[in-house]
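Trainee: So the sequence shown is numbered by this note's numbering: it starts at 25 and just counts up by one.
Here you go, one structure.
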Amino acid sequence: APPPDRPRIGGAAVGEGMMVMRPDADAPTMAAARPAPPPALETPVVPTPEVQIADLQPGEFPWGRPATAKEGMRVVEMNIMELHDGRMLFDLAGIQARPGEEVRIIFHNTGDFAHNVVLASPQEVARYMAQVQANKDFWMADPNWLYLPPGEKGEIVWRFTRAGQFEYSTLVAVERSAGLVGRVVVR
Numbered sequence: 025a026p027p028p029d030r031p032r033i034g035g036a037a038v039g040e041g042m043m044v045m046r047p048d049a050d051a052p053t054m055a056a057a058r059p060a061p062p063p064a065l066e067t068p069v070v071p072t073p074e075v076q077i078a079d080l081q082p083g084e085f086p087w088g089r090p091a092t093a094k095e096g097m098r099v100v101e102m103n104i105m106e107l108h109d110g111r112m113l114f115d116l117a118g119i120q121a122r123p124g125e126e127v128r129i130i131f132h133n134t135g136d137f138a139h140n141v142v143l144a145s146p147q148e149v150a151r152y153m154a155q156v157q158a159n160k161d162f163w164m165a166d167p168n169w170l171y172l173p174p175g176e177k178g179e180i181v182w183r184f185t186r187a188g189q190f191e192y193s194t195l196v197a198v199e200r201s202a203g204l205v206g207r208v209v210v211r
């Protein structure tokens, strides 16, 4: 369970991870949403490497390791948006990076609802989503995860250590299907 002074991921979730939408007339409903898939990057898909745990350095994940923000570092900023047609999007569909590059990714939650964001391999995103589905009070303290209340911003500062395709994504299935997923291509 999260510390008592921090919000819960499941605090606004109902049923199968659906977010409660405002009841006012202008608010969309998730049932009415027919989201388009997120726009594709103009680069070919790079396979995500199969990495053995024994090959990782202490503190390293298969998709990289936390870094420290510093002067001159590449900064990528994006907004988390909730559209009236039911879609939820990052306004940047993808990021490209090089192995060894450190990137400061700043997420601005411009919507009316809290969102979480994780940076991981597609396989790990699926694993995290299964944990959220099984436990609505699931809370992560990993450096590749953010919880952003409405109007807040947060950052993930990351060193991509190997080539592959990774994601920044919500962990709420209905938000992901509404488009709240982006791709990181490292090559």
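The beta-carbon is built from N, C-alpha and C at its ideal position, and this holds for glycine as well.
(1) Identify which residue in Gly-118, Gln-189, Ala-154, Lys-94 has its Cα closest to the Cα of Val-196.
(2) Taking only the alpha-carbon atoms, compute the straight-line gap between Gly-83 and Lys-177 and give it to the nearest angstrom.
(3) Glu-199 by DSSP, collapsed to three states: which one?
(4) Keeping to the same chain, check which residues put their C-beta closer than 7 Å to that of Thr-134; ignore five residues upstream and five downstream.
(5) Taking C-alpha atoms, which residue in Arg-128, Leu-113, Gly-175, Asn-140 lies nearest to Asp-161?
(6) Does DSSP put Ala-121 in a helix, in a strand, or in coil?
(7) Can you look up Pro-90 in the DSSP assignment and give me helix, strand or coil?
(8) With three or more C-beta pairs closer than 8 Å as the rule, is the segment 156-174 touching the segment 117-127?
(9) Rounded to whole angstroms, what's the CA-CA distance from Asp-136 to Ile-180? Just pull it up for me.
(10) Consult DSSP for Glu-95 and reduce its assignment to one of helix, strand or coil.
(11) Provide the residue span of the alpha helix (DSSP H) that contains Ala-144, from first to last.
(12) By the 10 Å Cβ neighbour count, where 16 or more other Cβ atoms means buried, how is Gly-203 classified, buried or exposed?
Mentor: This is what the structure gives:
(1) Considering only Gly-118, Gln-189, Ala-154, Lys-94, the residue with the shortest C-alpha distance to Val-196 is Ala-154.
(2) Straight-line Cα distance between these residues: approximately 25 Å.
(3) Three-state result, Glu-199: helix.
(4) The residues are Asn-103, Ile-104, Met-105.
(5) Per the Cα distances, Asn-140.
(6) Ala-121 falls in the strand class under three-state DSSP.
(7) Of the three classes helix, strand and coil, the one that applies to Pro-90 here is strand, per DSSP.
(8) These segments do not touch.
(9) Pairing Asp-136 with Ile-180, the inter-Cα distance amounts to about 21 Å.
(10) Assigned with DSSP and collapsed to three states, Glu-95 falls in coil, not helix or strand.
(11) Per DSSP, Ala-144 belongs to no alpha helix (DSSP H); it is in the beta strand (DSSP E), 139-144.
(12) Only buried fits Gly-203, as 16 or more other CB atoms lie within 10 angstroms of its CB.
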